[in-house]
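S.K.:
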Amino acid sequence: LKPQDRSEYNTGEIIGCCCPIEKIKPSPVRQGYRNKCEFTLGLDKEKKICTGFRMGRFRDLDVSVEKPSKDCMIVSNSMIEFADA
9 LKPQDRSEYN TGEIIGCCCP IEKIKPSPVR QGYRNKCEFT LGLDKEKKIC TGFRMGRFRD
69 LDVSVEKPSK DCMIVSNSMI EFADA
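Residue numbers (our numbering): 9 to 93.
#1: Grab the span of the alpha helix (DSSP H) containing I88 for me, first residue to last.
#2: Taking 8 Å as the cut-off, does the segment 70-81 touch the segment 45-53 (at least 3 CB pairs, one atom from each stretch)?
#3: Can you check which of these residues, S84, D92, F90 and A91, is closest to R42 by C-alpha distance?
#4: CB-CB under 6 Å to T59, same chain, minus the five flanking residues each way: which ones, in chain order?
#5: Give the DSSP-derived three-state secondary structure of F47 in the structure shown.
#6: Per the DSSP calculation, F61 is bridged to which residue(s)?
#7: When we look at the beta-carbon of F66 and count the other beta-carbons within 10 Å, is it buried (16 or more) or exposed?
#8: Kindly give me the distance between the Cβ atoms of C45 and M87, rounded to whole angstroms, as I take these residues to be in contact under 8 Å.
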């Protein structure tokens, strides 16, 4: 679509679409809602072995890993416990 046609996404009337598209609806589940979670094994900033999320960018030569925090909303409690083990 051209930029001026983007407003059509909000109406559900996309030209050439075979069916109506509804607006995005928020999930009632707010904690641990991801059905897929991938952790990286690596070293944290203190050079200790860590399981968690990669924090830096390869192009900056920063490949550090940090454990997910206890209040990370997208990761289930069981995955946080796994990364903490």
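Backbone N, C-alpha and C fix where the C-beta goes; we use that ideal spot for every residue, glycine too.
M.R.: Once the coordinates are examined:
#1: N85 to D92
#2: yes
#3: S84
#4: F47, L49 and A91
#5: coil
#6: E74
#7: exposed
#8: 5 Å
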